[in-house]
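A quick write-up on the structure given underneath.
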Amino acid sequence: MKIYEGYHKDRKPQTRIITRNDFTYHTILSYLSKYVNKKKEVLDIGCGVGAVDLYLGNLGVSVLGIDISKNGIAIAKENAKHLGVAHFVKFTIMDFPRRLPKKQFDLVICSEVLEHIVNDKSAVEKIFKLLKTGGVVIASSPSENAPLYRMGVLRKFEQKVGHLRRYSVKNFSRMFTASGFEILETKKTEGLLRNFLFTNFFGGFLLRILNKWPFSEIVTFLDDITVPIFGESNIYIVAKKK
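Numbering that gives the first Met the number 0 puts the first residue of the sequence shown at 0, with every later residue one more than the last.
As structure tokens, then:
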């Protein structure tokens, strides 16, 4: 708990809605553009300060963002009011999977969450229950094939951010199929460049520049080239409740 409160305590209010050109959110937003429309109700598990949810709310999508961090939720609520999307986006403190919303959704986002949960298999089963029949989950988690992880230089980073495990595409997919999901898509993402930027102190400074077009497009293109050569640092799965 202290890890997540500390992570969000110095976060500043968001001054703009993110776009698909943002280097940080490029992959998740591309999936959302494919699977979300205004008629869908979305749950974002582990929403943090709500950047993705504010993006969806700006499109007129109804979103509930939940997170264990009081600091994260407080900032998310402030951002929603400031950016004029509070009518569409709601945020609440919730310790998933111990507590669950009392309704079902058309789509669940579970991005960079399962690697923090002790019983990840049970968490996926809870996601299944939270979805309407035919509903879709978009999930991502760090890969055990990440270049810097395999080199052994991320041990302090893993401890700092509270990672309990990493996944392969095979065991990540198996966890969802075992809960009754049908896998629609899997994707290996984030090559060596992103792996460095998201796990290094200096990367945070560089991301402020790279999140702006055209730098985001150029670096994303270069990073994608490194994935088949050096390996992916992140895995995405899109799965459907049959």
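Note that beta-carbon positions come from the ideal geometry of N, C-alpha and C, so glycine has one too.
Reduced DSSP secondary structure (H/G/I, E/B, other) of residue i
{"i": "V243", "result": "Outside the shown range of the chain (0 to 241) lies residue 243, about which nothing can therefore be said."}
{"i": "V88", "result": "strand"}
{"i": "D94", "result": "coil"}
{"i": "F197", "result": "coil"}
{"i": "L42", "result": "strand"}
{"i": "V123", "result": "helix"}
{"i": "V107", "result": "strand"}
Where the beta strand (DSSP E) through residue i begins and ends
{"i": "E114", "result": "Per DSSP, E114 belongs to no beta strand (DSSP E) and is neither H nor E."}
{"i": "L153", "result": "First-last for L153: undefined, no H or E at that position."}
{"i": "L130", "result": "130-141"}
{"i": "N233", "result": "233-240"}
Residue i, buried or exposed, once every other Cβ within 10 Å from all chains shown has been counted against 16
{"i": "K120", "result": "exposed"}
{"i": "V113", "result": "Before going further, note that residue 113 is Leu rather than Val in the sequence given. Buried is the call here."}
{"i": "P12", "result": "exposed"}
{"i": "E216", "result": "exposed"}
{"i": "H25", "result": "buried"}
{"i": "S32", "result": "exposed"}
{"i": "V84", "result": "buried"}
{"i": "N233", "result": "buried"}
{"i": "G59", "result": "exposed"}
{"i": "G56", "result": "buried"}
{"i": "F220", "result": "exposed"}
{"i": "L28", "result": "buried"}
Residue-chain proximity (residue i, chain C), Cβ-Cβ < 8 Å
{"i": "T219", "result": "In the displayed structure, chain C is absent; only one protein chain is listed."}
For residue i, the first and last residue of its enclosing alpha helix (DSSP H)
{"i": "L183", "result": "It is not in any alpha helix (DSSP H) - L183 instead sits in the beta strand (DSSP E) that spans 180-188."}
{"i": "V74", "result": "Val is not the amino acid found at residue 74; the sequence shown has Ile there. Where I74 is concerned, the enclosing alpha helix (DSSP H) stretches over 69-81."}
{"i": "S167", "result": "Note, S167: premise wrong, no alpha helix (DSSP H); not H, not E."}
{"i": "L221", "result": "214-229"}
Any non-hydrogen atom of the ligand GDP closer than 7 Å to residue i Cβ
{"i": "I44", "result": "Among the ligands in the structure shown, none appear at all, so the ligand GDP cannot be discussed."}
Quiz item: Does the segment 83-90 come close enough to the segment 49-64 that 3 or more CB-CB pairs lie under 8 Å?
Solution: The way I'd put it, the segment 49-64 does touch the segment 83-90; three or more beta-carbon pairs between them come closer than 8 Å.
Quiz item: Are there three or more Cβ pairs, one per stretch, closer than 8 Å when the segment 97-107 is compared with the segment 72-83?
Solution: With the cut-off at 8 Å, the segment 97-107 and the segment 72-83 do not touch.
Practice problem: Kindly provide the ranges of any alpha helix (DSSP H) runs that are 4 or more residues long and lie completely inside the segment 3-40, ordered along the chain. | Solution: Counting only runs of 4 or more, we get 25-34.
Quiz prompt | Sufficient close CB pairs (3 or more, under 8 Å) joining the segment 191-198 to the segment 212-231 | solution = A contact exists between the segment 191-198 and the segment 212-231.
Practice problem: Would you be able to state if there are at least three C-beta pairs under 8 Å between the segment 133-152 and the segment 161-174? | Solution: Because the criterion of three Cβ pairs below 8 Å is met, the segment 161-174 and the segment 133-152 touch.
Quiz item: Is there contact here, the segment 145-157 with the segment 122-137, by at least three beta-carbon pairs under 8 Å?
Solution: The segment 145-157 is not in contact with the segment 122-137.
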